[in-house]
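> Here's a structure for you.
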Amino acid sequence: MSIQEQDSAGAPARASLLNDPKARGLFYQATLIIALVAFGWFIVSNTVENLERQNIASGFGFLQNTAGFGIIQALVDYTETSSYGQAIIVGFFNTLLVAVIGIFLATIIGFVVGIARLSNNWVISRLAYCYVELIRNVPLLLQIFFWYFAVLRAVPGKRDKWSFLFDTFHLNIAGLRGPQPVFEEGSGIIGWALVLAIVLAFAVARWSRKRQEATGQQFPVFLTGIGMIIGLPLIAYLFAGMPMHFNYPEFVETGPMLRRGFTLGSGFNLIPEFLALTLALSIYTAAFIAEIVRAGIQAVSHGQSEAAHALGLRNGPTLRLVIIPQAMRVIIPPLTSQYLNLTKNSSLAVAIAFPDLVSVGGTVLNQTGQAIEIIGIWMFVYLTLSLLTSAFMNWYNQRMALVER
Amino acid sequence: MANADIFQIRTEEAPKLAAPISTSGVVGWMRQNLFSSIGNTVLTVIGLLIAYSLIMPFVQFAIIDAVWTGSDRTACLAAEGAGHAGACWAYVIDYLPQFIYGRYPTEEIYRVNIVYALFVLLLVPLLMPSAPYKGINALLFLVVFPIISYFLLTGLEFGGTVVLPIVETARWGGLLVTLVIAVTGIVASLPLGIALALGRRSNMPIIKMVSVIFIEFWRGVPLITVLFMSSVMLPLFLPEGVTFDKLLRVLIGVTLFSAAYMAEVVRGGLQAIPKGQYEGAMALGLRFWPMMGLIILPQALKLVIPGIVNTFIGLFKDTTLVLIVGMFDLLGQIQSSFSDPNWSTPTQGHTGYLFAAIVFFVFCFGMSRYSIFMENKLHTGHKR
């Protein structure tokens, strides 16, 4: 019908409105918008009604109220009289701590295992293969439970300990204890020396690259850099009159049974929840990283190493200068998502009550009933972390990407 | 005769050279793969030491020192006292019904068994490439089976007459819950994921934007927060008096979450299809859905089978997280059995976790092996 009407009105000859892709597109999109708006309105109106009926004030005002619960590990000042908002900040920093240390460990283990899987040695490559398959195919939560409830509960009780690394680190049911550096007055100069060393190392790297481009001469950048970063603070430390010592954990072995154990405040202490979570997360993620590394190295054509050998490069420089830079291009994008996964998976801390963002938030949620706000905070924080990480990695990826004509 | 000096006639035998180093057989293989150099030999020894120090305690714990029979903890404690702190398998055997069915009423368990049996009967021929009637089989598995098992598991009442007594989902547990969440999540997230992937590649800006936001949002948050959201926030979204079953809420959350991951996998496959395939389909006069359904998606999905299976495996492992919102999947059921004083022994935890690990490993490793098998079976020239 519409065709005839259009024709009689003298409109330009075209397909029916039903078959016009543009019109159809507009119609679909309009329908989607209407459906979404209706759905949103339905949810919002229901939520408002429900909140009113349950007498829950909406908004973030509750964050100023006193929390009244303790947190077993806090990187920033926190007491039971602090506010809910401060509690959530403590949780956020704990999440960051687990994520950073977990990513660090997982990267190291993952690269080692990934390269081991490519080893010519049959035993080594089989071991790496078994590690990857076993760890990948068992749920992370189960692994966290295993480390926390099965392994870390089997260590000695509070009145006893296992020591290792020449008696500097000790493990018992209260966690891992080790020496804590204590900075005294005048120790600031060590920090400044470290900063200076890092800046100098970068400068040397730039200078040596320029010199190599101009003259072809190489300079041992890595060794000088390491030397400066270790050496300068050491010199500063000696010059400033050694203003730093280590606070070693003290263990009382004699006297009445109840007095035995570590003295409070001696050395640093990593709580078992933290240990279990970090171990499980990094071992689990490392299995995935290992596969990524293996695939990345295998993606570099064999001709590249043959060409490098033909140029006279030995195995080490071939790997470092030819294979790894090319493999990194393949490795970095999936590696990014593994880092993100690790960060998101750290939310499983709630299962063993390590006070991360989700765990602390869950406590606040139970006490206040502010479900929407708390879940909103969670999602906002994780989304921001995700976007920041992927933005950084995209930038890095672009720098490393192959520049083609 | 002067020429005789030119010739040299060997009067004694040439010195015998040693036989070349064998490169075949067990010895040759070992020489090549284990002891080719000093460094390699050291690595082999270290590797063997690591393997030995891991495998021996495991075998000792799981098999040699294990206790297999007994009706309560005394058997395991006795072995413990005798210095054999091995796995207490008697506890797992005693608890096996709970691990498989949860607290499903004993007299109704046959219904769960029927569902399990139907699942295996329909799935196995579907997975075998040589089995006939794939179309009917898929229809039965994807449409008929879910409906039948829904009524079998929840119960059926027909205008007052009880055909099958109702069993609330609060009584479901163990492997049943794990499988229900995993299978429902897998089956429901695939079509949703395909739709989202198509939406993300659509020319229509609003549809594209909505898909992108949906995908990036669900991929950016941890599954735990999604589960909290579906169990705590979802009831707030609904009008007064409307309540959702807890399991259903979790299912919705899991499906939306894994659909976003599935969408990205499918998008990868769609991007890998050359433009000529689209143009060819359009030149044949196919419209959008026939083009997608007959030409593009079959090729794209075939390309991303490993990615899809990886998402499935991830989803299967992630079902364990429901225990955090108070549901008892396999791991949750095992975790809760630890509070039973009848079986409380020092090795109970290790045994329970070992059992859970074995079950999950068998499922996940099986899936990944199957995906490799299908990949080899289906590859049609894409592989180099």
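So the sequence lines, in the order shown, correspond to chains X and S. Position 296 of the first sequence, counting from 1, maps to 402 under our numbering, and the rest follow consecutively. Position 40 of the second sequence, counting from 1, maps to 921 under our numbering, and the rest follow consecutively. Quick reminder that beta carbons are idealized off the backbone N, C-alpha and C, glycines included.
Just to confirm the assignment, what range does the beta strand (DSSP E) spanning T1065/S have?
T1065/S -> not in any beta strand (DSSP E); alpha helix (DSSP H) instead, spanning 1056-1081.
> Name the two residues that bound the continuous alpha helix (DSSP H) containing N375/X.
That residue, N375/X, is in no alpha helix (DSSP H); its beta strand (DSSP E) goes 374-376.
> With a CB to CB cut of under 8 Å and the five nearest residues on each side skipped, what residues in its chain are close to F175/X?
Answer for F175/X: E186, A193, T469, Q473, listed in chain order.
> Which residues, in order along the stretch 136-149 of chain X, keep a beta-carbon less than 9 Å from a beta-carbon of chain S?
So the list reads A136, L138, I139, L142, F148, I149, given in the order they occur along the chain.
> Quick one: list the residues of chain S neighbouring Y488/X, beta-carbon separation under 8 Å, in chain order.
Per Cβ cutoff of 8 Å: G1101, V1102, P1103, T1106.
> Any beta-carbon of chain S closer than 9 Å to the one on M485/X?
With 9 Å as the cut-off, M485/X counts as an interface residue toward chain S.
> Jot down the residue ranges of each uninterrupted alpha helix (DSSP H) in the stretch 1117-1159 of chain S, minimum 4 residues, whole runs only, in chain order.
Segments of the alpha helix (DSSP H) lying fully in the stretch 1117-1159 of chain S: 1127-1153.
> Among P1027/S, M1173/S, F1095/S, which one has its Cα closest to the Cα of A1063/S?
Of the listed residues, the one whose Cα sits closest to A1063/S is P1027/S.
> Measure from the alpha carbon of S314/X to the alpha carbon of each residue in V301/X, P431/X, L302/X, G331/X, then state which is nearest.
Of the listed residues, the one whose Cα sits closest to S314/X is G331/X.
> Cβ of L376/X less than 9 Å from any chain S Cβ?
No, L376/X does not count as interfacial toward chain S.
> Skipping 5 residues on each side, what residues in its chain have a beta carbon closer than 7 Å to that of T1192/S?
Correct list, in chain order: S1139, Y1142, M1143, V1146.
> What's the C-alpha gap between H408/X and R426/X?
Rounded to the nearest angstrom, the two C-alpha atoms are 15 Å apart.
> What's the C-alpha gap between Q110/X and K128/X?
Unreliable placement is indicated for Q110/X, whose pLDDT of 44 sits below 50; the coordinate value is still reported in the next sentence. Taking the straight line joining both Cα atoms gives about 20 Å.
> Helix, strand or coil for G131/X, going by three-state DSSP, please let me know.
Looking at G131/X - three-state DSSP - the assignment turns out to be helix.
> Taking the C-alpha atoms as reference points, what is the distance between E319/X and L1108/S?
C-alpha separation (whole angstroms): 56 Å.
> Does the beta carbon of S122/X sit closer than 9 Å to a beta carbon anywhere in chain S?
For S122/X, the answer is no, since every Cβ of chain S falls outside 9 Å of its Cβ.
> To which residues does DSSP link Q76/X through a beta bridge?
What is shown of chain X runs 107 to 511, which leaves residue 76/X out entirely.
> For the beta strand (DSSP E) holding E1038/S, just list the boundary residues, first then last.
First-last of the beta strand (DSSP E) with E1038/S: 1037-1039.
> Would you tell me roughly how many angstroms separate the C-alpha atoms of L1002/S and M1172/S, rounded to the nearest one?
Cα-Cα distance, rounded: 33 Å.
> Establish whether the CB of G263/X and some CB of chain S are separated by less than 9 Å.
False, the Cβ-Cβ gap to chain S never drops below 9 Å.
> Assess, as a yes-or-no matter, whether the stretch 392-400 of chain X is touched by the stretch 219-228 of chain X under the definition of 3 or more beta carbon pairs within less than 8 Å.
The stretch 219-228 of chain X, when compared against the stretch 392-400 of chain X, does touch it at the 8 Å Cβ threshold.
> G1054/S and G983/S look like a contact to me (Cβ under 8 Å); what is the Cβ gap, rounded to whole Å?
Confirmed, Cβ separation roughly 2 Å.
> Just confirm the distance between the C-beta atoms of L383/X and F460/X, as a whole number of angstroms; I'd bet it's less than 8 Å.
The Cβ separation is near 5 Å, so the contact holds.
> Please determine if the stretch 1095-1104 of chain S and the stretch 439-457 of chain X are in contact, where contact requires at least 3 C-beta pairs separated by less than 8 Å.
Yes, the stretch 1095-1104 of chain S is in contact with the stretch 439-457 of chain X.
> May I ask you to report which of helix, strand or coil DSSP gives S122/X?
Residue state, collapsed to three classes: coil.
> Roughly how many angstroms lie between the CA atoms of L1115/S and F357/X, to the nearest whole one?
Near 51 Å, if we compare the C-alpha coordinates of F357/X and L1115/S.
> Please identify the residue among I1088/S, T950/S, I931/S, F888/S whose C-alpha is closest to the C-alpha of R130/X.
Of the candidates I1088/S, T950/S, I931/S, F888/S, the one whose C-alpha sits nearest the C-alpha of R130/X is I1088/S.
> Could you check what DSSP says for L246/X in three-state terms: helix, strand or coil?
L246/X: helix per DSSP, three-state reduction.
> Between V219/X and A234/X, which are expected to be in contact by the criterion C-beta below 8 Å, what is the C-beta distance as a whole number of angstroms?
V219/X to A234/X, Cβ: 5 Å. Contact.
> Any idea if M348/X is buried or exposed, counting beta-carbon neighbours within 10 angstroms, 16 or more meaning buried?
Flag for M348/X reads exposed.
> Determine whether the Cβ of H1231/S lies closer than 9 Å to any Cβ atom of chain X.
It does: the Cβ of H1231/S has a partner Cβ on chain X nearer than 9 Å.
> Quick check for students: name the residue ranges of the alpha helix (DSSP H) that lie wholly in the stretch 1162-1233 of chain S, counting only runs of 4 or more.
The qualifying runs are 1178-1184, 1186-1199, 1211-1218.
> Applying the 10 Å Cβ sphere with the 16-neighbour rule, what's the burial state of T922/S?
Exposed, since its Cβ has fewer than 16 Cβ neighbours within 10 Å.
> Examine chain X for any beta-carbon lying closer than 9 Å to the beta-carbon of L1060/S, and answer yes or no.
Not closer than 9 Å to any Cβ of chain X, the Cβ of L1060/S fails to qualify, so no.
> Can you grab the Cα-Cα spacing for the pair V1259/S / A1153/S, in whole Å?
One point to set straight first is that residue 1259/S is Leu, not Val, in the sequence displayed. If I take the Cα positions, the gap works out to 16 Å.
> Relative to the C-alpha of F1236/S, which candidate in Q1214/S, Y1251/S, M1248/S, S1252/S has its C-alpha closest?
With distances taken between Cα atoms, F1236/S lies closest to Q1214/S.
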